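Letter by letter, the sequence shown follows residues 20 to 117 in this note's numbering.
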Amino acid sequence: MEHPLAAMQKLDPKLMEHLKAADQLVYADGALPRKTKLLMAMAFDAAHGAVNGVRALAGQARAAGATDAEIAEAVRVAYHLSGVGSVYVASQGLRDLP
């Protein structure tokens with residue numbers, strides 16, 4: 020799966036360096052584990068209609084040890100706070116996840 024920001028990497032690699040540094044800061048283990056932060060971000064993307072973001076973040080969360088049950092619960096939070104549209108977006112983003 021191609022990274023959802025691959026086109027921007029080609030267009031503006033300098034910007035993407037800054038984004039990568041911010042990602043490393045934000046998603047590093049800290050008071051909250053990386054897995055939890057990725058699940059939070061996935062829920063935000065579901066709420067905002069970002070199918071590719073859901074897909075990418077769910078994959079990263081899985082790689083960080085998230086279970087299907089944890090992914091599903093994060094989608095429940097998005098649904099509760101943002102409505103049923105987030106469930107549709109999450110379903111599309113999770114459709115091809117191994």
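For glycine and all other residues, C-beta sits at the position ideal for the given N, C-alpha and C. Since we're looking at a predicted model, the values are computed, not measured.
Problem set entry | Cβ-based neighbour list, P117, same chain, cut-off 7 Å, excluding 5 preceding and 5 following | none
Problem set entry | Nearest residue (CA-CA) to S110, options T86, A77, R81 and A83 | Here the closest residue by C-alpha is A77.
Problem set entry | Stretch-stretch touch, CB-based, cutoff 8 Å, three pairs: the stretch 57 to 66 with the stretch 27 to 42 | no
Problem set entry | Boundaries (first-last residue) of the alpha helix (DSSP H) holding T55 | R53 to H67
Exercise. So, are the CB atoms of L58 and A91 less than 8 Å apart?
Worked result: no
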